[in-house]
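> Please see the structure below; I have some questions.
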Amino acid sequence: MVNFYFVVRSIISCEHVEQAGKKLERMCVILQTEIKDQRLKEQLREIAKFVHGLPLKFSLAGFFDINKRLIPSLLNGLTSYMIILIQFKVQEQCQK
Numbered sequence: 313m314v315n316f317y318f319v320v321r322s323i324i325s326c327e328h329v330e331q332a333g334k335k336l337e338r339m340c341v342i343l344q345t346e347i348k349d350q351r352l353k354e355q356l357r358e359i360a361k362f363v364h365g366l367p368l369k370f371s372l373a374g375f376f377d378i379n380k381r382l383i384p385s386l387l388n389g390l391t392s393y394m395i396i397l398i399q400f401k402v403q404e405q406c407q408k
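For the sequence shown, this note's numbering gives the first residue as 313, with consecutive numbering after it.
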């Protein structure tokens, strides 16, 4: 159960990193319109461009993204395996 907690926390952390990157990009664009210093505007533009080019999605070897939509799938698989194990255990008990 502790391992499952750490897996879920890791998934949520990946989601937070993705959201923080998007927020940083939006904030840089907003600040560009409010700041008058050209040098600072250029730096904000560079940061926004850099963040936009980053792959802010975590994936498992490119097979699927690691984000909060993965948690229900993980629970579904875990529940299915638990039901199968329980059925084998019940069948084993009945044969004794």
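Where a beta carbon is used, it is the ideal one built from N, C-alpha and C, also for glycine.
1) Going by C-alpha to C-alpha distance, which of Lys401, Glu354, Gln344, Phe362 sits closest to lysine 334?
2) List the whole-angstrom C-beta distance separating asparagine 388 from glutamate 330, where the pair is believed to meet the contact cut-off of C-beta under 8 angstroms.
3) Whole angstroms are fine: how far does the CA of valine 320 sit from the CA of glycine 374?
4) With distances taken from CA atoms, which of Asp349, Lys353, Lys348 is nearest valine 341?
If we stick to the structure as given:
1) Phe362
2) Contact doesn't hold; Cβ gap of about 22 angstroms is too wide.
3) C-alpha of glycine 374 to C-alpha of valine 320: approximately 19 angstroms in a straight line.
4) The residue among Asp349, Lys353, Lys348 with its C-alpha nearest the C-alpha of valine 341 is Lys353.
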